[in-house]
Structures are given as C-alpha cells and as structure tokens.
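A.B. asks: The sequence shown begins at 1 in my numbering and counts up one residue at a time.
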Amino acid sequence: MELEVKILTEVIEKQLGITYKQMMSPTRLKELVYSRAIFSVIARRYLNMTFHKIGELLKRDHSSIIFYMKKHDNEYELYKDYRDMYKKIYASVEALFIINTEFNADYLRAKIKDMQSEIDMTNAMIMKYEERIKNMEEA
C-alpha cells in the first residue's frame, strides 16, 4: 500500500505541482481541496483504502474523506477544472499501474488479500448476528 500512496502523491505533485506536504496543510485553497478530494477518491475506489487510513495520510478526520467522496460525482459533473484535474491524475496513475506489470501483479495480490480479509470479517459478523437472532427467537 505504501508504494501505491507514493505513486499517487508523486503523480499529483508532478501533474498539479502540489506537494504531499501542501495536501496535508489546513489551507483551503481550491486547488488543494481538489487535490485532497482526488487523492481520497482514487485511494478509496481504486486502492481500497479505508476512510480512516486516507484521513491519517492527509491529516484529516475520516468524516472529511467521506465528504470528499460524496462531493466527487457532483464536482466532476459540474466543474470542468475539477474534472480535468481528476482525469489527468487518474490517467497517470492508471498508466503507471498497468505499465509496471510486476507492481500490477503485486497490487492485485494485495488487493485479493485485502478483499479476503474483508470477506472473513463480514462472515464472522454474519455468524454473530445469526447467533444473536437465534438467541432472540429462542427467548
């Protein structure tokens, strides 16, 4: 996961001229807010990171990351400057993941492992809830 974050932050810095340090700052300049939102959307949707982890990386509360996610589709649809920034970053990140086949294979293996962990946790919760329902019905 660290390599993916490094690639994403380097792409943002190269394409937009916004450093990782600037993204973590409390500044509310439009370009910085957009860069945080784009970082958050890509990290969540394509790198499967949790809201909490993304928040830690950007020095933000997880609720800020949820806000970015909710606003993304609207911003993308309505604001050309946001849409252009997102497309530029996404295309660069996607190209790096596809071009580097060794990284791509490792990335997919890690993604499978993360998904399996999520499945295992979900199955454990389902079993707990089913047991709870059974106890309720017996009472």
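The beta carbon of each residue, even a glycine, is placed where N, CA and C say it ideally should be.
Is Ile-54 near Ser-35, with beta carbons less than 8 angstroms apart?
C.D. replies: Here residue 54 corresponds to residue number 54 of the sequence shown, with the count starting at 1. Here residue 35 corresponds to residue number 35 of the sequence shown, with the count starting at 1. It is not a contact, given that the beta carbons lie outside the stated cut-off.
A.B. asks: For Met-49, tell me which candidate among Lys-128, Lys-111, Lys-88 and Phe-67 has the shortest Cα-Cα distance.
C.D. replies: Mapped onto the sequence shown, residue 49 falls at position 49. Of Lys-128, Lys-111, Lys-88 and Phe-67, the residue nearest in Cα terms is Lys-111.
A.B. asks: Where Val-11 and Glu-4 are concerned, what is the direct C-alpha to C-alpha distance, given to the nearest angstrom?
C.D. replies: The sequence position of residue 11 within the sequence shown is 11, counting from 1. The sequence position of residue 4 within the sequence shown is 4, counting from 1. Whole-angstrom Cα-Cα distance: 11 angstroms.
A.B. asks: Whose CA, out of Thr-27, Glu-131, Ser-63 and Asp-81, lies closest to the CA of Ser-40?
C.D. replies: Start at 1 with the first residue of the sequence shown, and residue 40 comes out as number 40. Of the listed residues, the one whose Cα sits closest to Ser-40 is Ser-63.
A.B. asks: Would you mind working out which of Lys-113, Asp-120, Lys-88 and Arg-132 sits nearest Thr-8, comparing C-alpha positions?
C.D. replies: Taking the first residue of the sequence shown as 1, we reach residue 8 at position 8. Note that residue 8 is Leu in the sequence shown, not Thr. When each option's Cα is compared against that of Leu-8, the closest is Lys-88.
A.B. asks: Assign Tyr-79 to one of three DSSP states: helix, strand, or coil.
C.D. replies: Counting from one through the sequence shown, the residue named residue 79 turns up at place 79. Coil, per DSSP.
A.B. asks: Once the 5 residues before and after Tyr-86 are set aside, which same chain residues still bring their CB inside 7 angstroms of it?
C.D. replies: For this step, residue 86 is matched to residue 86 along the sequence shown. Ile-38 and Tyr-76, listed in sequence order.
A.B. asks: Tell me which same chain residues have a C-beta within less than 8 angstroms of the C-beta of Glu-13, skipping the five on either side of it?
C.D. replies: By 1-based counting over the sequence shown, the position of residue 13 is 13. Counting only Cβ-Cβ distances below 8 angstroms, and skipping sequence neighbours, we find Thr-19 and Tyr-20.
A.B. asks: Answer with yes or no whether the minimum CB distance from Phe-97 to chain B is below 8 angstroms.
C.D. replies: The displayed structure is made up of one protein chain only, and chain B is not part of it.
A.B. asks: Just to confirm before moving on: does the CB-CB distance between Val-93 and Ile-42 stay below 8 angstroms?
C.D. replies: Residue 93 sits at position 93 when you count from the first residue of the sequence shown. Residue 42 sits at position 42 when you count from the first residue of the sequence shown. Yes, the Cβ-Cβ distance between Val-93 and Ile-42 is below 8 angstroms.
A.B. asks: Tell me the residue span of the alpha helix (DSSP H) that contains Gly-55.
C.D. replies: Along the sequence shown, one-based indexing puts residue 55 at 55. 51–58 is the span of the alpha helix (DSSP H), which, as asked, contains Gly-55.
A.B. asks: Cβ of Leu-29 within 8 angstroms of Cβ of Met-23?
C.D. replies: The residue you call residue 29 lines up with position 29 of the sequence shown. The residue you call residue 23 lines up with position 23 of the sequence shown. No. Outside cutoff.
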